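Q: Quick one: structure below, then a few questions.
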Amino acid sequence: MTGGGSGPLPPHVHGESMKNVLLISMPFASTKWPAIGVSLLKPRLEAEGIPCDIRYFNILFAQMIGLDTYEDIAIYPRYIFGERLFAKEYFGNVLPPDEEYRRYLEKVYKGPVDASFDRLFAVGGQIGPFIERCLAEVSWDSYAIIGFTSMFEQNLSSLTLARAIKERYPEKTIIMGGANCEREMGVELHRRFPEIDYVCSGEADETFPELVKRLAKGEPVDTIPGVVTRHGGESVMTHGARVVEQLDTVPVPDYSDYFRQMDQSTLPPEACYEIHMESSRGCWWGAKSQCNFCGLNGKAISYRCKSKDRIVDELLHLIDTYAVPRGLKLISMVDNVLSMDFFKDLLPELKRLQLPVKLFYEVKANLNEEQVRMLAEANIAWIQPGIESLNTRILKLMEKGVTALQNVQLLKHSKQFGVYPTWNIIYRSPGEQPEDYRQMIDLIYRITHLAPPEGFIPLCMQRFSPYFNNPKEFGIASITPEESYRYIYPFGQESIANLAYFFDFEFDEKVAPPPGWDKELEQAVEFWRQCSERGENLESRAESAGDLVIHDTRSTARQPLMHLEGSHKAIYEFCGSARDFSSIHGFTRETFSRLPVRERDVRDFLEEMVALDYMISENSRYLSLAIPAA
């Protein structure tokens, strides 16, 4: 029988005698944590009676070039520097020369490429010896099927080793999967690189084990959803990938290979500081209103969650097996977004358990005060909220489903309860206007005591995003693969367009962002970061006499100290979460019924607080900015 039209199966996979599978994680995956994808596939294969090992060749390369140099490359995949290094080994002199690539980097970084880049360029001399060591350090006769996982900057390193394996061991079956193989990207990789026998596109939890089993039995594989095969020299995926509907059926990740290889390496034990887990897949917000810039998930955007009991059991297993024995203090959830249902059952249980580790989650930015408190009580100490902008009009253009006031409220409550938010500002979205920037800049100078953005990022065009899929709807034109790809793939524009994830684009004149305003916004963000480094604060403290004292140490402070009492104190505390004016006035009528507070007096006080930057307001909703003292 033939394997999906790809020719007779090699003898090592034909028949019932199953040999081992080797899964490989190549540079430039970070060495700071194990790879969750292959760590989920290994126990799934073993449950089917298929022996499997995982090899972390990224650990080997980090030893060869130095951990700091390695992570400097791994942490910044945006302009595919790591891919360039391996592309030169794979393609040789057909690629544009280094000087031309250097000029490209100087253009995107808006300045000269300094000596630190020379250190990174020098890594290229280690690629050939690295591949030879990979070949020498594995007993390849033990494995019939070799699987490569590829996301971010792992394409060219995987392809370089895959070609070397095929040249020495042509009987091996090589399979590639991961985020870089989603849909047309996977088909094009298969078409362009003959050393890859099969590509798994989409979630591989079910398809990869099925592919391995059919190969072993000599059965056709072209009917497996998401598997790219060859038919008459053409790369074909006849059925789209399927998703796992019941996540409780997914095994617990097996990280034993990673930690064993870390222990055997010369890397310091502290090089690993976290492990990963997933409690859901897809995006519940994106399933009903996808953010226009977001290309995550591809077709697998439908939201699916593990049960509360399964999540708790898995967490405890990972803590007992890996975190506690190795002194790890962080488990990062790889979910796209925290399920709102978790506030009902999971978070109360995590609070009860008082885990010995901190947790990280991505969250929607519309969380209220009680929900942020619950995060802190559940040891979710680090979050990535989808803030993206501090202007409500821009947020609406992005389809974020939140307001600027909600975003600031989340930053305030995060500081209040000791939850660290890491977030970005995205600028240059279609339809932005000068007034949007003016409002953001004004707001920034009022909230410099809150956590500033870590990233200040121009809009990047991602494959699968609404901007990419429907550009005319948003006034976007002339979409082409990002220029960086021409320095790693010596192919035509159409082929590169199929391989690329990031794209360059232009705006129609009617929706083009206003020129120059991004510079002013960037200056305001930099000022904000400086204020944060100085530890500036706006704090409120209740005194024994009943007053509320506001201390303002911000460099923008209009009044460093203020005492509030009576209705003013009550109103300020009531607006600890954003309130509309009618609610505030109703609160004062009910609270001070014996001595009624006039509506005009309430409004005057609110406007005074806004003028002093003790509050902000939007559409007659008011939020107190001072952080209540613990």
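According to our numbering, numbering within the sequence shown proceeds without interruption in unit steps and concludes at 656.
Note that the Cβ used here is the ideal one computed from N, Cα and C, for glycine as well.
Note that the structure is a prediction, hence the values are computed from the model and not measured.
1) Does isoleucine 406 come out as helix, strand or coil in the three-state DSSP assignment?
2) Within a Cβ cutoff of 7 Å, which residues of the same chain sit near tyrosine 105, ignoring the five residues on either side of it in sequence?
3) Let me know if leucine 621 comes out buried or exposed under the rule of 16 or more other beta-carbons within 10 Å of its beta-carbon.
4) Might you give, ordered along the chain, the residues of its own chain that have their beta carbon closer than 6 Å to the beta carbon of proline 539, omitting 5 neighbours on each side?
5) Taking phenylalanine 285 as part of the alpha helix (DSSP H), name the residues at either end of that continuous run.
6) Tell me the DSSP bridge mates of isoleucine 357?
7) Over what stretch of residues does the alpha helix (DSSP H) that includes methionine 172 continue unbroken?
8) Indicate the three-state DSSP secondary structure (helix, strand or coil) for tyrosine 515 in the structure shown.
9) Exposed or buried, which one is alanine 349 when buried takes at least 16 other CB atoms within 10 Å?
10) Under 8 Å by Cβ, that's how I've got leucine 437 and isoleucine 406 pegged, so tell me the actual separation to the nearest angstrom.
11) Quick check on the burial criterion: 16 or more other C-beta atoms within 10 angstroms. Buried or exposed for arginine 209?
12) In three-state terms, what does DSSP make of valine 39?
13) Which parts of the segment 203-248 are runs of the beta strand (DSSP E), unbroken and 3 residues or longer, counting only runs that do not cross its ends?
14) Measuring only the C-alpha atoms, how far is methionine 211 from proline 123?
15) Ignoring anything shorter than 3 residues, give me the beta strand (DSSP E) runs that lie fully in the segment 508-564, in order along the chain.
16) Spatial neighbours of glutamate 296 within its chain, please: C-beta separation below 6 Å, excluding the five flanking residues on both sides.
17) Just to confirm, are isoleucine 576 and lysine 441 a CB contact at a threshold of 8 Å?
18) DSSP three-state call for alanine 141: helix, strand or coil?
19) For glycine 444, does the count of other Cβ atoms within 10 angstroms reach 16, so buried, or fall short, so exposed?
20) For the alpha helix (DSSP H) containing histidine 594, list its first residue and its last residue.
21) Inspect the beta-carbon positions of leucine 590 and aspartate 578 and report whether they are closer than 8 Å.
22) To the nearest angstrom, how far is it from the Cα of methionine 366 to the Cα of glutamate 425?
23) Roughly how many angstroms lie between the CA atoms of serine 306 and glutamine 272, to the nearest whole one?
24) Hey, would you say glutamate 559 sits closer than 8 Å to histidine 475, going by beta carbons?
25) Please state whether DSSP places threonine 255 in a helix, a strand or coil.
26) Whose C-beta lies closer than 8 Å to the C-beta of glutamate 125 among residues of the same chain, with five residues either side of it excluded?
27) DSSP state of glutamine 488, grouped into three classes?
A: Quick look at the numbers:
1) Position 380 of the sequence shown, counted from the start, is the residue given in the question as residue 406. Strand, per DSSP.
2) The residue given as residue 105 occupies position 79 in the sequence shown. Setting aside the 5 residues that flank it on each side, tyrosine 105 is surrounded in the same chain by Leu131, Val134 and Ser510, each with a C-beta closer than 7 Å to its C-beta; the list follows chain order.
3) Here residue 621 refers to the residue found at position 595 when the sequence shown is read from its first residue. Its Cβ having fewer than 16 others within 10 Å, leucine 621 is exposed.
4) Locating residue 539 in the sequence shown gives position 513, counting from the first residue. Sequence-distant partners of proline 539 (beyond 5 residues in either direction) whose C-beta falls short of 6 Å from its own C-beta, in its chain, are Arg454 and Glu458.
5) Mapped onto the sequence shown, residue 285 falls at position 259. Segment 282-290, the alpha helix (DSSP H) holding phenylalanine 285.
6) In the sequence shown, residue 357 corresponds to position 331, counting from 1. In DSSP, isoleucine 357 forms a bridge with Ile301 and Leu385.
7) As a first step, residue 172 is located in the sequence shown; it is residue number 146 there, counting from the start. Checking the displayed sequence, the identity of residue 172 turns out to be isoleucine instead of methionine. Here isoleucine 172 belongs to no alpha helix (DSSP H); instead the beta strand (DSSP E) covers 169-175.
8) In the sequence shown, the residue the question calls residue 515 occupies position 489. DSSP places tyrosine 515 in the coil class of the three-state scheme, outside both helix and strand.
9) Here residue 349 refers to the residue found at position 323 of the sequence shown. Buried, by the Cβ-count rule.
10) Position 411 of the sequence shown, counted from the start, is the residue given in the question as residue 437. Position 380 of the sequence shown, counted from the start, is the residue given in the question as residue 406. Wrong, their Cβ atoms sit about 16 Å apart, outside the cutoff.
11) The residue you call residue 209 lines up with position 183 of the sequence shown. Taking all protein chains shown into account, arginine 209 has 16 or more neighbouring C-beta atoms within 10 Å of its C-beta and is therefore buried.
12) Position 13 of the sequence shown, counted from the start, is the residue given in the question as residue 39. Residue placement at valine 39 is flagged as unreliable, the pLDDT there being 48, under the threshold of 50; the coordinate-derived value follows with that caveat. Residue state, collapsed to three classes: coil.
13) Counting only runs of 3 or more, we get 224-226.
14) Taking the sequence shown and counting its residues from 1, one reaches residue 211 at position 185. Taking the sequence shown and counting its residues from 1, one reaches residue 123 at position 97. Straight-line Cα distance between these residues: approximately 25 Å.
15) You should have 528-533.
16) On the sequence shown, position 270 is the one that residue 296 refers to. Nothing listed; no residue qualifies.
17) Walking along the sequence shown from the start, residue 576 turns up at place 550. Walking along the sequence shown from the start, residue 441 turns up at place 415. Result no, Cβ atoms of isoleucine 576 and lysine 441 do not sit closer than 8 Å.
18) For the purposes of this step, residue 141 is taken as the residue at position 115 of the sequence shown. Looking at alanine 141 - three-state DSSP - the assignment turns out to be helix.
19) For the purposes of this step, residue 444 is taken as residue 418 along the sequence shown, with counting starting at 1. With fewer than 16 Cβ atoms within 10 Å of its Cβ, glycine 444 is classed as exposed.
20) Here residue 594 is taken as the residue at index 568 of the sequence shown, counted from 1. Where histidine 594 is concerned, the enclosing alpha helix (DSSP H) stretches over 592-600.
21) Taking the sequence shown and counting its residues from 1, the one referred to as residue 590 is at position 564. Taking the sequence shown and counting its residues from 1, the one referred to as residue 578 is at position 552. Between leucine 590 and aspartate 578, the CB-CB gap reaches or exceeds 8 Å.
22) To locate residue 366, count along the sequence shown from 1; it is residue 340. To locate residue 425, count along the sequence shown from 1; it is residue 399. Roughly 19 Å between the two C-alpha positions.
23) As a first step, residue 306 is located in the sequence shown; it is residue number 280 there, counting from the start. As a first step, residue 272 is located in the sequence shown; it is residue number 246 there, counting from the start. A straight line joining the alpha-carbon of serine 306 with that of glutamine 272 spans about 10 Å.
24) Locating residue 559 in the sequence shown gives position 533, where the first residue counts as 1. Locating residue 475 in the sequence shown gives position 449, where the first residue counts as 1. No, they are not a contact pair.
25) Reading the sequence shown from its first residue, position 229 is the one you call residue 255. In the structure shown, threonine 255 sits in a strand (DSSP, three-state: E or B).
26) What you label residue 125 is simply residue 99 of the sequence shown in a count that begins at 1. No residues qualify anywhere along the chain.
27) Taking the sequence shown and counting its residues from 1, the one referred to as residue 488 is at position 462. Here DSSP, grouped into helix, strand and coil, assigns glutamine 488 to strand.
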